[in-house]
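As they're listed, the protein sequences go chains X and U. Position 55 of the first sequence, counted from 1, bears residue number 54 in numbering that gives the first Met the number 0, the numbering being contiguous throughout. Position 173 of the second sequence, counted from 1, bears residue number 172 in numbering that gives the first Met the number 0, the numbering being contiguous throughout. In this text, a Cβ means the ideal position worked out from N, Cα and C, and glycines have one as well. Encoded as C-alpha cells, the structure appears first; notes follow it.
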Amino acid sequence: MNGRFGKFGGQYAPETIMNVLIELETEYEKAIKDEKFIEEYKYYLKEYVGRETPLYYAENLSKKLGGAKVYLKREDLNHTGAHKVNNALGQVLLARRMGKKRVIAETGAGQHGVATATAAAMFDLECEIFMGEEDIERQALNVVRMRMLGAKVTAVTSGTGTLKDAVNEAMRNWVEEIDNTFYVMGTAAGPHPYPVMVRDFQRVIGDEVKKQILEKEGRLPDYIIACVGGGSNSIGIFYPFIEDKEVALIGAEAAGLGVDTDQHAATITKGSVGVLHGMMTYVLQDEDGQIMPVYSISAGLDYPGVGPEHAYLKEIGRAEYVPITDKEAVDAFMVLCRTEGIIPAIESSHALAEAIKIVPTLDKDKIVVVNLSGRGDKDVDTIAKVLSI
Amino acid sequence: MNRIDEKFKLLKEKNQKAMIPFITAGDPDLDTTVDLVIAMEHAGADIIELGIPYSDPLADGVTIQQSSTRALKNGAKISKIMNTVKEIREKSQVPLVYLVYYNSIFKYGMEKFIEECSRVGIDAIIIPDLPIEERKDIIDVADKYGVYLIPLIAPTSKERIKTITNNGKGFVYCVSTTGVTGVRKEISTNIEEYMNIVSQYTKMPKALGFGISNAEMAKEFKPYCDAIIVGSAIIKKVAEGKNKEEVIENVTKFVSGIKEVLIG
Chain X
0 MNGRFGKFGG
10 QYAPETIMNV
20 LIELETEYEK
30 AIKDEKFIEE
40 YKYYLKEYVG
50 RETPLYYAEN
60 LSKKLGGAKV
70 YLKREDLNHT
80 GAHKVNNALG
90 QVLLARRMGK
100 KRVIAETGAG
110 QHGVATATAA
120 AMFDLECEIF
130 MGEEDIERQA
140 LNVVRMRMLG
150 AKVTAVTSGT
160 GTLKDAVNEA
170 MRNWVEEIDN
180 TFYVMGTAAG
190 PHPYPVMVRD
200 FQRVIGDEVK
210 KQILEKEGRL
220 PDYIIACVGG
230 GSNSIGIFYP
240 FIEDKEVALI
250 GAEAAGLGVD
260 TDQHAATITK
270 GSVGVLHGMM
280 TYVLQDEDGQ
290 IMPVYSISAG
300 LDYPGVGPEH
310 AYLKEIGRAE
320 YVPITDKEAV
330 DAFMVLCRTE
340 GIIPAIESSH
350 ALAEAIKIVP
360 TLDKDKIVVV
370 NLSGRGDKDV
380 DTIAKVLSI
Chain U
0 MNRIDEKFKL
10 LKEKNQKAMI
20 PFITAGDPDL
30 DTTVDLVIAM
40 EHAGADIIEL
50 GIPYSDPLAD
60 GVTIQQSSTR
70 ALKNGAKISK
80 IMNTVKEIRE
90 KSQVPLVYLV
100 YYNSIFKYGM
110 EKFIEECSRV
120 GIDAIIIPDL
130 PIEERKDIID
140 VADKYGVYLI
150 PLIAPTSKER
160 IKTITNNGKG
170 FVYCVSTTGV
180 TGVRKEISTN
190 IEEYMNIVSQ
200 YTKMPKALGF
210 GISNAEMAKE
220 FKPYCDAIIV
230 GSAIIKKVAE
240 GKNKEEVIEN
250 VTKFVSGIKE
260 VLIG
C-alpha cells in the first residue's frame, strides 16, 4: 500500500508506534480481502447502522434557492447520528479481529467518540475517548452519551483544549498502552495507513450516492459538496467520483469569524505545507512552524490540519475548497430547519451554506448533492444562544 | 572527528558512562540556557541535549510540554536558539545535540537548518517523529554538513533495530519504555534484556533515556548502557527554582549527583 498522495501523507510518527502501524497495514490489507470480514461489516452497516441512507431530493430547498436540484445525502439518519459510525465500526471490527482488548479515540464534536463508544459496547471492548475541555463544554450532549455507553471520557486541557490537542493526547496514550490498544482514528488523517483506511470505510457514502443518483436522475451530479474538518465525510463522498471529471467536488472549510482574522480553521485556504499528527499535509502554522490555535463555532471542523488526500486533491486541482464563516453556517442551519424540517449538524451546515451560495447561480437542470454528514441535536443549545431563540 | 565521537572515546578510556542532560532552549529564557549549559558541563555533563520548543510535542509528557510552552511564551525560536549556541560555543566545546520535531525543521528549511547547525557548532540532532522510513532526504543533507542524525529505537522496535542503527552515527537513543517523556518511579522494561538485544545489532554507544529521574535509577541501568539521558527530572528543577541562581544551583547539584554514579 502506498502511504502517499503525491507528496502528502507518510508516517511521521514516533518510533514506538512504527511496528504497530506496519502491523495495522498488514492486518487491514488481509481483512479487506477476507470475504467474511467484509460480509460482517456490511451486515452491521445495514442491520445495525441502518444503511443505506436516503439520497433525498430537497424539493422545498431547491425551489427556495431557485436554481439547480439539491439532493441531501442523509448521513444524519445513521445510528448515532452521523457518518462517523461507518468508520468506527470498520476499525473496531478490525481491532477485534486483531485481538485488541481496548480502543481509544479522539473526538471534536463528539460524534466519533459516540460512534466508537457504541461499537466498543457492541463488541465488548474497553473504551477511552479523549476530548478537548472546550469541546466537552460545547458538545455536552455527546459527552453524556459516551459515558452512558460505557466509555471513559478524558478531558484534554493541554494546548487549546480542542480537537488537535485531543489527537495529541490520544497518541500519547497510545504510545503508553501500545500492546493492548487500538487507536480508532476518527478522520481521514494521521500516519499511514489511517487516511487510506478511513477513506475506504467512508466510501460507502459516495458509492451509494452514485447508485442512487443514477437510479433517480439517470446521470451523475454536477456538484458534490461536503464540509471538511479532518476530511472523512468529504473524502467518503468524493472518492468514488474522483475519476468522473465532470463532477465538481467542493469542500467547505470553517472560516470562523473570517479568514482575514486569526479566528478560523480554514486549513487549505490559508495554510501551508507542514507535518502534523504523523502526516505531511496543509497545516495552519506560524512562520516558525508552530501550529496555530484555530477557531470555529463547530467543534468538528476546529482542526489546524486536513487529511493528506484532500491536500493532494487540492494540489492537482481535482477538488476546490471554500471558506464558510460561522454566520453563514448558522444561517444555513436555520434555512434547512425551516424549509425541510431537518436540523443539521453545525459542521454539515458549512456544506449547506456553500450550496445556498452556488445553487441560485446554476441552471435548473443541474444536480447538486450535499453531504448531510450529521444531525444537529448536539448543536441546538449553541445555535439557540447565538440567535437568542 | 565529531565532538560526540571524541567524548565517547575519552569516557571509554576513563571507564565512565556519559551523563546527558536535556533542557528546553529558552526555558525560562535564552540567557539562562547559556548559563545552565556551562554550569551543567562543569558539574559533569558529558553531552547536552537542547530541546527546540514546539507547540505540539507528541512524544512528550506534561513536564516537557509545559517547558516548551514557557520557552515559546518568552519568544524562543530557532534563529535565536542558533545564536544562543554560538554564545555557548564561545565558552565551551561540550558536545551539543538538538532535540527537534520534524515540522520545525521542515518549515525552517531542511538544508538551511542543517547548515546552520553545522556552522554554529551543533554536533547532532534527534528527531522524535521521523522514523527511518522518512529519513532518506535528511540523512543526505546531514551527511553533507557533518551533522549526525541520531538513530532512535524503542522497546517495540525489535527487528527494526538493525536497519535503524545501520550506518548510524553518534550514539543510539534507546527509549526506555513504551511511553512519553516524564519522571517515573520505576521502569518496567527489562533494561538488561533490551540493551543486550541492541548490542547484537550495533556497536554504537547506547544512550538510555525517558523516565530516568534520579541517581539510583542511573546506577541501576549503568551496567547495561554507555550513557544515561535525564530530561524531565532536570526540567522540574528548572521550573521549581525561584530565581536564576537557585535554578542553576539545583540543576548543578542534581547533574553532579548523577554523574558521580556513572564514574568507574
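Cβ atoms of Glu14(X) and Ala153(U): under 8 Å apart, would you say? yes
Select from the stretch 174-185 of chain U all residues with a C-beta closer than 7 Å to any C-beta belonging to chain X, and list them in chain order. Val174, Thr177, Gly178, Val179
I need the DSSP call for Lys365(X), collapsed to helix, strand or coil. coil
Do Ser231(U) and Gly181(U) have their C-beta atoms closer together than 8 Å? yes
Neighbouring residues, chain X, relative to Pro130(U) (Cβ below 7 Å): Gln10, Ala12, Glu14, Met17
Measuring straight from C-alpha to C-alpha, what distance separates Glu263(X) and Asp325(X)? The residue asked about is misnamed: residue 263(X) is His in this sequence, not Glu. His263(X) and Asp325(X): Cα-Cα distance of roughly 9 Å.
Through-space distance from Trp173(X) to Asp33(X), alpha-carbon basis: 27 Å
Extent of the continuous beta strand (DSSP E) run through Ala383(X): Not the beta strand (DSSP E): Ala383(X) falls in the alpha helix (DSSP H), residues 379-386.
Rounded to the nearest angstrom, how far is the Cβ of Ile345(X) from that of Asp380(X), given a contact under 8 Å? At roughly 11 Å, the Cβ-Cβ gap does not stay under 8 Å, so Ile345(X) and Asp380(X) are not in contact.
Mapping the DSSP letters down to three states, classify Ile290(X) as helix, strand or coil. strand
Mind pulling the chain U residues with CB within less than 8 Å of Ile103(X)? Within 8 Å Cβ-Cβ: nothing; Ile103(X) doesn't reach chain U, min ~14 Å.
Can you tell me which residues form a DSSP beta bridge with Tyr70(X)? Tyr56(X), Val368(X)
Proximal chain U residues relative to Ile290(X), where beta-carbon distance stays under 7 Å: Ser54, Asp55
State the DSSP-derived secondary structure class of Cys173(U), mapped to helix, strand or coil. strand
With distances taken from CA atoms, which of Pro192(X), Ser387(X), Ile323(X), Gln211(X) is nearest Ser347(X)? Ile323(X)
Which residues of chain U have a Cβ atom closer than 7 Å to the Cβ of Asn167(X), listed in chain order? Asp55, Leu57
For a contact defined as C-beta to C-beta under 9 Å, what are the partners of Pro127(U) on chain X? Pro13, Glu14
Can you tell me whether Pro20(U) is helix, strand or coil according to DSSP? strand
How long is the line joining the alpha carbons of Ile224(X) and Tyr320(X), rounded to whole angstroms? 10 Å
Chain U within 8 Å of Gln284(X), Cβ atoms only: yes
Given a cut-off of 8 Å, decide if Gly306(X) and Thr280(X) are closer than it, judged by their beta-carbon atoms. yes
Quick one: Cα of Leu54(X) to Cα of Ile234(U), how far? 57 Å
Run through chain U and tell me which residues come within less than 7 Å of Ser157(X), C-beta to C-beta. Gln64
What residues from chain X crowd round Ala141(U), counting only those whose CB sits closer than 8 Å? Within 8 Å Cβ-Cβ: nothing; Ala141(U) doesn't reach chain X, min ~17 Å.
Mapping the DSSP letters down to three states, classify Lys184(U) as helix, strand or coil. coil
With a threshold of 16 other CB atoms inside 10 Å of the CB of Thr260(X), please say whether the residue is buried or exposed. exposed
Taking the alpha carbon of Glu192(U) as the point to measure from, which residue in Lys184(U), Ile37(U), Asp136(U), Thr176(U) has its own alpha carbon closest? Thr176(U)
The stretch 78-103 of chain U: positions lying closer than 7 Å to chain X by Cβ: Tyr101, Asn102, Ser103
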